[in-house]
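*Asks:* Residue numbers for the sequence shown follow this note's numbering, so the first one is 102 and each next one is one higher.
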Amino acid sequence: MIQDKSKGAKQTLLERPWFLAVALAGLIGGAMLITSFIRATDNTLSLCSTAKNTAASIAEYTATPIQLQSIVHYATSHTVPQQSFEEISISLNVLKERLPCNFLVFGLGRDSLMWASLNPGGTTVFLEEDPEWIEAVLKDAPSLRAHHVQYRTHLSEAGRLLSTYKNEPMCLPAKAFPIRYNEKCPLALTSLPDEFYDTEWDLIMVDAPKGYFPEAPGRMAAIFSSAIMARNRKGDGTTHVFLHDVNRKVENAFANEFLCEKYKVNSVGRLWHFEIPNAANMTDQPGDRFC
102 MIQDKSKGAK QTLLERPWFL AVALAGLIGG AMLITSFIRA TDNTLSLCST
152 AKNTAASIAE YTATPIQLQS IVHYATSHTV PQQSFEEISI SLNVLKERLP
202 CNFLVFGLGR DSLMWASLNP GGTTVFLEED PEWIEAVLKD APSLRAHHVQ
252 YRTHLSEAGR LLSTYKNEPM CLPAKAFPIR YNEKCPLALT SLPDEFYDTE
302 WDLIMVDAPK GYFPEAPGRM AAIFSSAIMA RNRKGDGTTH VFLHDVNRKV
352 ENAFANEFLC EKYKVNSVGR LWHFEIPNAA NMTDQPGDRF C
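#1: What residue from ASN382, PHE375, ASN379 has the CA that sits closest to SER192's CA?
#2: CA-CA distance, THR254 and PRO318?
#3: What whole-angstrom Cβ distance do LEU360 and VAL342 have, given they're in contact under 8 Å?
#4: Between ARG349 and the rest of its own chain, which residues show a CB-CB distance below 8 Å, the 5 nearest in sequence each way excluded?
#5: By the 10 Å Cβ neighbour count, where 16 or more other Cβ atoms means buried, how is ASN382 classified, buried or exposed?
#6: What does DSSP give as the partner residues of SER244 in its beta bridges?
#7: Candidates ILE172, GLU258, GLY222: which alpha carbon is nearest ASP212's?
#8: Of all the options LEU214, ASP231, PRO166, SER178, which has the alpha carbon lying nearest to the alpha carbon of THR225?
#9: What is the DSSP secondary structure of LEU200, reduced to helix, strand or coil?
#10: Excluding sequence positions up to five away, which residues of its chain have a Cβ less than 6 Å from the Cβ of ALA242?
#11: Report the residue ranges of all beta strand (DSSP E) runs contained in full by the stretch 237–291; include only those spanning at least 3 residues, in chain order.
#12: Report, in whole angstroms, the separation of the C-beta atoms of ASN333 and ASN379, which I expect to be a contact under 8 Å.
#13: Less than 8 Å between the CB atoms is what I'm expecting for LEU293 and LEU228, so what's the real figure, rounded?
#14: If you draw a straight line from the C-alpha of GLU362 to the C-alpha of ASN353, how long is it?
#15: Within its chain, find whatever has a CB closer than 8 Å to the CB of SER147; leave out the 5 residues flanking it on each side and keep chain order.
#16: In angstroms, rounded to a whole number, what distance separates the CA positions of LEU262 and LEU288?
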C-alpha cells in the first residue's frame, strides 16, 4: 500500500511484468467469479448445468466503471499490487462471500484501485498518513475514497506500548470503546474521519502506516483499533482483519497480542487473516485482556 522509501526500491518491488499478467488475470477472473457467486441460486445443480450457468453469467457480466478503470490501469502500467497473488486471493475469497460490504484499508497505494474494484456496490475506504502520496495516487484514480490521517505513535515506542498498555484501564478491551473519544489510550485512533467510527466494517486490511524506520508511525494503533472495532461490532457476522508484513517483529507481536492466534484462520506469505467475533459471542473472555 505505502510507497517505498526510495525510488529504486519502489521500481524493484513493483515493475514485475510476469506479476502484472497474473494480477490482471486474477482481477478479471475474480470479478467474474464474484458475479457467478451472486447469481448462483441452486447448489444442487448438476456439473453440466453449473457449467452452463457459469458460462451464462460470464456472458451477461457487466463490469462497473471502477472495474473497467482498474483493468485498463493495470493493463497499461508497469506498476502492480505489492501483495502476492496468493496473498490477494485470501482477501478475494472473503470479498466474494461478503460483498457488497464495508471494506476499510489502512494504506493507499498501487493496489488500491484493485481493492475498490473487487468490492462492487460496496463501500471501500482508504486511510493514508502521507498527504502528498494521496494527491499522487488520486491523480490517476480520482474515484477512490481516501482520507488523510495522523497517528500519535512512533515505531520506536512499540516495545514500551506493548509492555505498558495494561497499566492504562482505557486500553483494556472492556473500556477502550468508543475509541473516538479515548484520548487516554495512546493506541486508540482518535483523530480519524467520522466515517471510520460510524461504519461497521466487514473487512479491515492493515497494510499501513509506514513501519520500517524508528520515526514512522508503525502499525501498532491500527492493529489495536481494528481489534477494538471488531469486538464491538453490533451487526451480524464476524469481522475479517487482514494484516500484511507479519514477517516484521512489531506486526507479529501486536497481532498475537490484540488479534489473537485463536482467531487466525488463514495465512500465506506475509499475510495473516483473522476472523474476530464480537464480544457478545466470545466465550470465557475476561474484559481485561484480548486473547
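Cβ atoms here follow ideal geometry from the backbone N, Cα and C, with glycine treated the same way. Fair warning: this is a prediction, and the values are worked out from it, not measured in the lab.
*Replies:* Let me spell this out:
#1: Of the candidates ASN382, PHE375, ASN379, the one whose C-alpha sits nearest the C-alpha of SER192 is PHE375.
#2: THR254 and PRO318 have their C-alpha atoms some 5 Å from each other.
#3: Taking 8 Å as the upper bound for CB-CB distance, LEU360 and VAL342 are in contact here, some 6 Å apart.
#4: Closer than 8 Å at the Cβ level, and outside the excluded window around ARG349, lie GLY312, TYR313.
#5: Classification of ASN382: exposed, given that the 10 Å Cβ count is below 16.
#6: Its beta-bridge partners do not exist; DSSP assigns none.
#7: The alpha carbon of ASP212 has as its nearest neighbour, out of ILE172, GLU258, GLY222, the alpha carbon of ILE172.
#8: Looking at the Cα atoms, LEU214 is the closest of the given residues.
#9: In the three-state reduction of the DSSP assignment, LEU200 falls in the coil class.
#10: So the list reads LEU214, once near-sequence residues are dropped.
#11: Here the runs fully enclosed are 246–249.
#12: About 7 Å; that satisfies the 8 Å criterion.
#13: Right, their Cβ atoms sit about 7 Å apart.
#14: Rounded to the nearest angstrom, the two C-alpha atoms are 10 Å apart.
#15: Reliability of the predicted coordinates at SER147 is poor, the pLDDT of 38 falling under 50, and no value is obtained from them.
#16: Cα to Cα, LEU262 sits roughly 8 Å from LEU288.
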